[in-house]
Structure formats: structure tokens, C-alpha cells
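Asks: One structure coming up, written as C-alpha cells, with questions to follow.
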Amino acid sequence: MTGFDIRKFAHSAGQPRYDPWERAEAWRYTGTFSRWNRFRSAFPGLGIATVAFAAYLGYEQLFLKDEHHAEGHGEGHH
27 MTGFDIRKFA
37 HSAGQPRYDP
47 WERAEAWRYT
57 GTFSRWNRFR
67 SAFPGLGIAT
77 VAFAAYLGYE
87 QLFLKDEHHA
97 EGHGEGHH
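When we follow our numbering, the leftmost residue of the sequence shown carries the number 27, and every step to the right adds one.
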């Protein structure tokens, strides 16, 4: 009705032929600033903490026995 064609509009509004900031922005996604390296640096101690926590859970399961809970929970158990 109005002569507006959404396909022609989308085609004309696509990527520009030349982006003057392309070279200035390229460093953000390579090397130290790659997606993987940014993810790793967001949680710097997560790997060490996970290993330490797993080691403690193993130690607790193997060596720290809780004899108190082996008994029944009846009256007078306080």
C-alpha cells in the first residue's frame, strides 16, 4: 500500500562496504583479548579452588568419620 518493501530496506541497511574502525577494533578479539582468555581471566582462582574443594571432600569422606550420627536419634539425645 505505501510502497515500502522491507526486503529492499534490509538489503540496503546491510554491512557497510568499508568500516573505518575495523582495523582499530580488530585487536579486541585476538590474542590476550580472545573470548577464551577473557573467560579465563574472569574467574582467576576457580580452577585451584575447585581442585582444593574436591580434595577436601575426598579427605572428609575417607578420614573424618562422624560417630555421633551413627547412633539413633531417640529421646534424650542432646
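Beta carbons: idealized from backbone N, C-alpha and C, even for Gly.
Cα separation between W47 and K34?
Replies: 26 Å
Asks: For I32 and D45, what's the separation of their Cα atoms in angstroms?
Replies: 24 Å
Asks: Go to S60, then tell me how far its alpha helix (DSSP H) extends in each direction, as first and last residue.
Replies: That residue, S60, is in no alpha helix (DSSP H); it is neither H nor E in DSSP.
Asks: If you draw a straight line from the alpha carbon of I74 to that of R54, how long is it in whole angstroms?
Replies: 28 Å
Asks: Considering only residues of the same chain and omitting the five flanking positions on each side of F79, which have a CB-CB separation below 7 Å?
Replies: none
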